[in-house]
Each structure stands twice: as structure tokens, then as C-alpha cells.
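Below: one structure, written as C-alpha cells.
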Amino acid sequence: MIVLGIETSCDETAAAVVDGERRILANLVLSQLAEHRPYGGVVPEIAARSHVEHIDGVIGRAMARAELTYAQLDGVAATAGPGLIGGVMVGLVTGKAIAAAAGKPLIAVNHLEGHALTARLTDDLAFPYLLLLASGGHCQLLIVEGLGQYRRLGTTIDDAAGEAFDKTAKMLDLGYPGGPAVEAAAAAGDPDAVRLPRPMRGRDGCDFSFSGLKTAVLHVLAADPPPRPEDVAASFQAAVGDVMVDRAGNAIEIARRRHPGLRHLVVAGGVAANTHLRDRLGGLAKERNCVLVAPPPALCTDNGAMIAWAGIERLRAGLPDPLDAPARARWPLDPDAKPVPFAGKKA
Amino acid sequence: MPILALDTTMQACSVAIARDGEILARCHRPLERGHAEELLPMVEAVRRQAAIEFAELDLIAVTIGPGTFTGVRIGLAAARGLALVGAVPVLGLGTLEVLALAAPVGEPVIAAIDARRGEVYAQAFDGAGEAVTEALARPPSDLPPPPSPAGNLVGTGGALVRPVMPDWRLLDAVQQPDAGVLARHADRLRHRASAHGGPAPLYLRPTDARLPDGRGN
Chain A
1 MIVLGIETSC DETAAAVVDG ERRILANLVL SQLAEHRPYG GVVPEIAARS HVEHIDGVIG
61 RAMARAELTY AQLDGVAATA GPGLIGGVMV GLVTGKAIAA AAGKPLIAVN HLEGHALTAR
121 LTDDLAFPYL LLLASGGHCQ LLIVEGLGQY RRLGTTIDDA AGEAFDKTAK MLDLGYPGGP
181 AVEAAAAAGD PDAVRLPRPM RGRDGCDFSF SGLKTAVLHV LAADPPPRPE DVAASFQAAV
241 GDVMVDRAGN AIEIARRRHP GLRHLVVAGG VAANTHLRDR LGGLAKERNC VLVAPPPALC
301 TDNGAMIAWA GIERLRAGLP DPLDAPARAR WPLDPDAKPV PFAGKKA
Chain B
1001 MPILALDTTM QACSVAIARD GEILARCHRP LERGHAEELL PMVEAVRRQA AIEFAELDLI
1061 AVTIGPGTFT GVRIGLAAAR GLALVGAVPV LGLGTLEVLA LAAPVGEPVI AAIDARRGEV
1121 YAQAFDGAGE AVTEALARPP SDLPPPPSPA GNLVGTGGAL VRPVMPDWRL LDAVQQPDAG
1181 VLARHADRLR HRASAHGGPA PLYLRPTDAR LPDGRGN
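So the protein sequences, as listed, match chains A and B. First residue of the first sequence? That's 1 in this note's numbering, and the numbers climb one at a time after it. First residue of the second sequence? That's 1001 in this note's numbering, and the numbers climb one at a time after it.
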């Protein structure tokens, strides 16, 4: 089985071809970073304009790289949400058009399911497993019980983890995007130099909160003289690490009450590309007799391969979608999870 | 050879297939939102009605704007996606040009779209359908003087332009671009199609993004 995957939900224009043997035949990501950098964040209308200019070229190059014709595909998978709706529509409509013209099934993929199933593409992992999904738009802990079966144990009640990195980078004048910038600065800093809070640590459950941490960074920077940016970055990253270890630790206990044999902690999403956080979570996993599964960074950040793979899984389960499949700005993985009032789409 | 034409730039979703200037099938549905959901099922329905396979198409025609930003992108994304599979060229025509082509031949026409914020998107054409001005986004009172003393006004902005061009006739019947009109004229205009990469969108307005220091783009 061979599926084309299309991803346009944020600021990466991406297409990939993956087969049922878990081989990635092509995986192209065109970043819009340079277009958004002057604004210090992703501008939805700029993103949508860039996607429509580039997506067909990226798909064409991915197909050429895979040395395949559209007739050789078994399906076309495209992100249908959640995300910036203008961009989602571009990728989804392009995918629908290719599916229709090639006479192949369409799979309208939940972007979060793409992240959630990546560990099955990279590591052939069996269900169930615990997932920490941390990106610019999300921060949640879920039990992945099966295809389309997600139980949310906790989520952010305000900012997403990646958002906290971006805002901290902005305050420290480290540039955009914040994740890699904070990580690089932190490498030259002392994580104990600046006292920052660990929001939610020690509390029951698995929810996150990052807006207080962001405010604390702002206060710390108001001191005269202000601390070194490297020390603030290292201390901030250490605080996020402590919070994640605490929350994920609770999640492992809760998940094991439902699934006593659960042994895998998976990280996904752009924030999972952070080496410090991977190391901290690796330590936690070891301590709790778990195995940390962390896909390579290029498959943690947004990409088409995860969408193609989710398409393969859904197609195998007999779950193709009709050509009128809607684009959705909001599409939670666990529809039974309680809404979180101040987190909006991030929950 | 059959041509598939699409329009989603405004308040309709419109699809047609024509061969040698004759319409084989057409579907035109007024629609404020939901073009991304409606368009491809409509393409399939029109294609089946015309009894045409995708592999038989030798040109895809699409309106490139101006119109709603989202609508412009939906039509272009579909046209470019369809074109990828069959390696078919894509002909992009301005929404204003397609509106003008629906007016009686031989008379000058100004196509105008209500662009909100007190502005219209407008463009003037001669009796042969050739553009005599660029497509502009302006308040009606700031439009350049009409190219001739009288003619036809078409599009949702026609009524907004009329007060400044009182001698021009308002053609109420032509409000939304029609893929049927586009499909019938596409064969004649196919030399303007791009063989590689689809046509670029025509937004006529910048994004509303603001730089951190408050400057526009």
C-alpha cells in the first residue's frame, strides 16, 4: 500500500510518500519561516497564500523523488485539521482534487492523529501507549488505545508548550522560532541561575499551565541588572522539563490503572525535538520501567510522512473519507474530553 | 478536447465542462461558505453528467480572483491538484474578465465586485472582451474615468459604481462569475495557459499582517 500525504495546517508546506512496509519514499518540507520571521510569529493569511503557491510543486517533487505515478498510489491523505483553516483548506482541496483525478480514495487526516501514530511508523509500536504531544499549538497527554481511540489525560489550560518557548525567545530577543533559539541559548547557560516557578507540579492529574511561567520570565527580566539571557533560557527550559516530567509521571500511573502492562512513553510534536526535554523524559521513563520512544526530530515537527502514515492506517481499517470531508479549525483527538475554557483550540 | 472550468471566488460554487465551445454539463450553486466541501463532489457530478473521464481533459480553467481570499485559493488549489495528475495545463482568468465575458458582445463593459470597506474591485473591457484597464481595488469615486460614454455594468459591485457612471447600464442578471462562461471561452484563450505550475492568485489586496513596530507590509 502506497499513500501520498499532504500537510498545510501551519507554516510548513509538506508532502510525502510512504508505503505499508513503513518505508518513507519521499518526505519534503518547505518551511515558511523566512516569510513569518519579520512578524515574530505565524501570520495565518501569509501562511495560506504561501501554501497555495507552493503545495502543487512540493507534491510534484515528492512524487518524482518516490519515482511513482499517481496511478500507483493507493490513496491520498491530507490534513483536514486542526490548524489554521485557510492553510488546511488549501492542502485538503489539493488532496481531494488529486484523489478525484487519480480515482483514489481520500483520507482526511486529523493532524494530531498524524503526530500520535508517528511512533508506529518509526518504531512499529503496538497499542496502547502513552503520548506526550507538545507543539506550538498543543500540549497534551493521551493514552493511544487504538486507531481513532484516544483518551486525553491532561492538556494545557492556557498556553501550548511551544508557545511558551516562542514567547520566552521573544522576551530574550533570541529570534523566531523560539524552540531552537531557546535550546541553543540554554546550552551556554546555568539552569539554576534564575528561580522560576514549576506551574502545576505536585498537583493531581496531568494538566499543564505555561502562562505563569511566561509571566515569571518577564518579571525576572525586569531586575537591574537583568540576568544573562543564556541563564534565563536554561532556567526556563529546566522548568519546562521539571513540569513535563511531573505531569508525564502522573500520566504513567493513571494510564497503568487502565492498562497495567503499558510500557511505552512516546513524545511527538515540534517541542519533542528539544534534546533537553527528550533527555529528561528518557530519565523518567527509565525510572518508571518504561521505554521512551522519540521519533527523529524531522518526524516530530510537522511533516507529510506522518499524514501519509495515518492515511495508511485509516485505509487499512477501511476508513476513507468522502470528497465533501470538511476542513476543521478545531478537531480534538478525544471528543469525550472536557473542554478547557482558556485554552481554546489548543485543548 | 473537453475543458473543465471552476469558479469559487465569490458567493457561488460553479463547475462546467465544455467541448469546442459547447457546454456538456454545468452546475452553478449560490454559496456563501463551504466551497472547500462542495467543489470536488460538484466536479465529479458534472464530469459524470458530461460522461467525461479525467484523462480526457486537456485544459483546466479557473478564476484566479479577485474575490474572497479563501475562495480564490480553493479554486486554484483544486485546479492545480487536478492538473498535477493528468499533467494538464491550467488557464487562469481574472474573475472580472469572466464577469465581463457574460455581458453582450460588442459593447464596452465594466465588471465590478463589492469588495467591502467601501471599495470595489473593478476593471474595464472593450466590446471584444479585451481589458482596457488593470483590475483595481478602489472606492467607486476614485475609479478612472470610463473608457467610453456608455456601456454595461456587471457584477455585485455594479450598483456601487453606477452613481459615478450614471450613463452606464446595470446588467442585474450578471452578478456571480459563471464557470459555463469560462468553459465556453477557455478554448479560444488557451494560449494564455501555463503548462508548468498553475496561474498565480490575484488578491488585489495585501494581507492585514502588521509588523511588530506597527508598520504594514
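Yeah, the Cβ is synthetic: ideal placement off N, Cα and C, and Gly gets one too.
Runs of the beta strand (DSSP E) lying entirely within the region 66 to 129 of chain A and spanning at least 3 residues, in chain order: 75 to 81, 106 to 110. Distance between K96 (chain A) and A1173 (chain B), taken at the CA atoms: about 32 Å. In this model, D173 (chain A) and R228 (chain A) are separated by some 12 Å (Cα to Cα). Residues of chain B with a Cβ closer than 8 Å to the Cβ of G60 (chain A) are, in chain order, L1084. With respect to the 8 Å criterion, V18 (chain A) and L28 (chain A) are not classified as neighbours on the basis of their beta carbons. When Cβ-Cβ separations below 8 Å define contact, R328 (chain A) makes no contact with chain B.
Taking a C-beta distance under 8 Å as the contact criterion, L121 (chain A) and W309 (chain A) qualify as a contact pair. Just measuring C-alpha positions, the residue of B:G1021, B:A1016, B:P1206, B:L1024 sitting nearest L1040 (chain B) is B:A1016. Assigned with DSSP and collapsed to three states, H1185 (chain B) falls in helix. For D321 (chain A), the beta-bridge partners assigned by DSSP are A:L106.
Taking the Cβ atoms as the reference, S235 (chain A) lies roughly 20 Å from D158 (chain A), outside the contact range of under 8 Å.
A buried status is given to P1201 (chain B), since no fewer than 16 other beta-carbon atoms sit within 10 Å of its beta-carbon. Neighbours of L1136 (chain B) in chain A, taken as residues at a C-beta separation under 8 Å, are lacking, since the least C-beta distance is about 20 Å. No Cβ-Cβ contact shorter than 8 Å links L1189 (chain B) with G60 (chain A). Residue pairing by DSSP puts V144 (chain A) in a beta bridge opposite A:Y129, A:Y150.
Along the region 1054 to 1074 of chain B, going in chain order, the ones with a CB nearer than 9 Å to a CB of chain A are F1054, A1055, L1057, F1069, T1070, V1072, R1073, I1074. In this structure, DSSP gives E1107 (chain B) a state outside helix and strand, which the three-state scheme calls coil.
Not a single C-beta of chain A is nearer than 8 Å to the C-beta of P1030 (chain B). Chain-ordered, the chain B residues with CB closer than 8 Å to the CB of G40 (chain A) read P1212.
In the structure shown, T1008 (chain B) adopts coil according to DSSP, grouped into three states. The beta carbon of A1111 (chain B) sits closer than 6 Å to those of L1096, L1099, A1100, Q1123, V1154, G1155, all from its chain and outside the five residues before and after it, given in chain order. Separation of T1008 (chain B) and R328 (chain A) (C-alpha to C-alpha, rounded to the nearest whole angstrom) is 19 Å. Boundaries of the alpha helix (DSSP H) around C300 (chain A): 297 to 300. Rounded to whole angstroms, the gap between the alpha carbons of A305 (chain A) and L117 (chain A) is 11 Å. Those residues of the region 1036 to 1052 of chain B placed with their C-beta closer than 8 Å to a C-beta in chain A are A1036, E1037, E1038, L1039, L1040, P1041, V1043, E1044, ordered along the chain.
A straight line joining the alpha-carbon of A1195 (chain B) with that of P320 (chain A) spans about 32 Å.
Proximity to L142 (chain A) across A:P295, A:A186, A:E113 peaks at A:E113, based on C-alpha coordinates. About 5 Å separates the CB atoms of V88 (chain A) and S9 (chain A); that is less than 8 Å, so the two are in contact. Between the region 101 to 115 of chain A and the region 171 to 191 of chain A there are fewer than three C-beta pairs closer than 8 Å, too few to call the two in contact. L1093 (chain B) is positioned such that its CB atom lies no closer than 8 Å to that of I1074 (chain B).
The beta-carbon of T1156 (chain B) is placed no less than 8 Å from the nearest beta-carbon of chain A. If one requires a minimum length of 3 residues, the beta strand (DSSP E) runs lying completely within the region 256 to 293 of chain A are 264 to 268, 291 to 293, in chain order. Taking the CA atoms as reference points, P1104 (chain B) sits about 10 Å from A1128 (chain B). In the structure shown, I59 (chain A) adopts helical secondary structure according to DSSP, grouped into three states. In this structure A294 (chain A) touches A272 (chain A) by the C-beta definition: roughly 6 Å separates them, less than 8 Å.
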